[in-house]
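What follows is a set of notes on a single structure, which appears directly below.
Structure follows, in structure tokens:
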């Protein structure tokens, strides 16, 4: 059984319920975080300071504020690292010398952190700076053939509960995907030889467990993802 660390989102995590042979085990899961906040000065906060009822949500906000992934990776215990950047859709708040991912969970925690939101260009520039450090550090912790980049994108169409295919009315999908492809290309350029999974021939699903969204896919997407993941890790 291979153990998996995930730095990403539900688009990667959700696929593992289709691991019917139990080939993999999720070891650590870091979500709701931009690379910008992970690679910035940690915020001095305790888990109990975060006012959320869900332990999972509380942990995600805590991990983001304290740059927990960066600390963990130096003594990682997983065999493979899976990465996706769907959660980079969230805005980033600059608070003093720290940066915070402004996730829905962070907002709901009623944090008293104050700051200013990065503009689009500021965020992209800061992201590239953070991604360079990220690429350098994880290449020291994982062999590059143990790192898999899930090039997940927003889908323009979805399957209704009746099986019809409809187009999302969201006009920002192409913009989000253009930015995501910049992120993925940047990582591929700076982690030569990294393995990738990109699944274009699928749709989002109205029947998804987490409700309808351009990044909540049909079951067949996750099944194919798992098939490719098994192939990439079979002799590795």
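Numbering (my numbering), first residue to last: 12 to 247. Idealized CB from N, CA, C, for every residue including glycine.
- request: Please state if the CB of residue 120 and the CB of residue 10 are separated by a distance shorter than 8 Å.
  value: This structure cannot speak to residue 10, because the chain is shown only from 12 to 247.
Selected residue, minimal CA-CA separation from residue 46, among 156, 123, 76 and 35: 76
message: So, for residue 97: in the same chain, excluding its five sequence neighbours on each side, which residues have a beta-carbon less than 6 Å away from its beta-carbon?
response: The answer, listed in chain order, is 20, 22, 163 and 226.
query: Is the CB-CB distance between residue 161 and residue 243 below 8 Å?
result: When the beta-carbon positions are compared, residue 161 and residue 243 stay at least 8 Å from each other.
message: Taking the straight line between their C-alpha atoms, what separation do you get for residue 176 and residue 112?
response: 33 Å
query: Between residue 146 and residue 207, what straight-line distance do the alpha-carbon atoms span, to the nearest angstrom?
result: 15 Å
message: Let me make sure I understand the geometry here. Which of 58, 233 and 134 has the alpha-carbon closest to that of residue 74?
response: Looking from the CA of residue 74, the closest CA among 58, 233 and 134 belongs to 58.
task: Compute the distance between the beta-carbons of residue 179 and residue 169, then report whether it is under 8 Å.
output: yes
- prompt: What span of residues does the beta strand (DSSP E) with residue 38 cover, start to end?
  reply: 35-42
query: Counting pairs of Cβ atoms below 8 Å between the segment 99-110 and the segment 143-158, do you hit three or more?
result: In short, these stretches do not touch, since the Cβ pair count stays below three.
- prompt: Who are the near neighbours of residue 114 in its chain, counting only those whose CB is closer than 6 Å to its CB and skipping five residues on each side?
  reply: So the qualifying residues of the chain are 43 and 101.
CB of residue 91 within 8 Å of CB of residue 157, strictly: yes
message: Could you check whether residue 172 and residue 217 sit closer than 8 Å to each other, using their CB atoms as the reference points?
response: Cβ distance < 8 Å, so residue 217 and residue 172 count as in contact.
Straight-line gap, residue 61 to residue 79 (C-alpha atoms, nearest Å): 15 Å
Given 8 Å, three or more beta-carbon pairs between the segment 226-241 and the segment 25-32: yes
- request: Excluding the 5 residues preceding and the 5 following residue 229 in the sequence, name in chain order all residues of the same chain whose CB lies nearer than 6 Å to its CB.
  value: 170, 213, 214 and 216
task: Rounded to whole angstroms, what's the CA-CA distance from residue 64 to residue 56? Just pull it up for me.
output: Between the alpha carbons of residue 64 and residue 56 lies a gap of roughly 17 Å.
- request: Output the distance between the C-alpha atoms of residue 139 and residue 87, rounded to the nearest integer angstrom.
  value: 24 Å
Completely contained alpha helix (DSSP H) runs for the segment 81-137, where each covers 4 or more residues: Every alpha helix (DSSP H) of 4 residues or more that sits fully in the segment 81-137 is shown, in chain order, as 115-119.
message: Just checking: is the beta-carbon of residue 183 within a distance shorter than 8 Å of some beta-carbon in chain D?
response: This model lacks chain D altogether, as it is built from one protein chain only.
task: Alpha carbon to alpha carbon, how far is residue 144 from residue 49? Give it in angstroms, no decimals.
output: 10 Å
task: For my contact list, residue 67 and residue 142 are in at a C-beta cut-off of 8 Å; report their separation, rounded to the angstrom.
output: Not confirmed; about 26 Å, so no contact.
task: Measure from the alpha carbon of residue 37 to the alpha carbon of each residue in 17, 118 and 84, then state which is nearest.
output: 17
- prompt: What residue does the alpha helix (DSSP H) around residue 195 start on, and which one ends it?
  reply: 184-201
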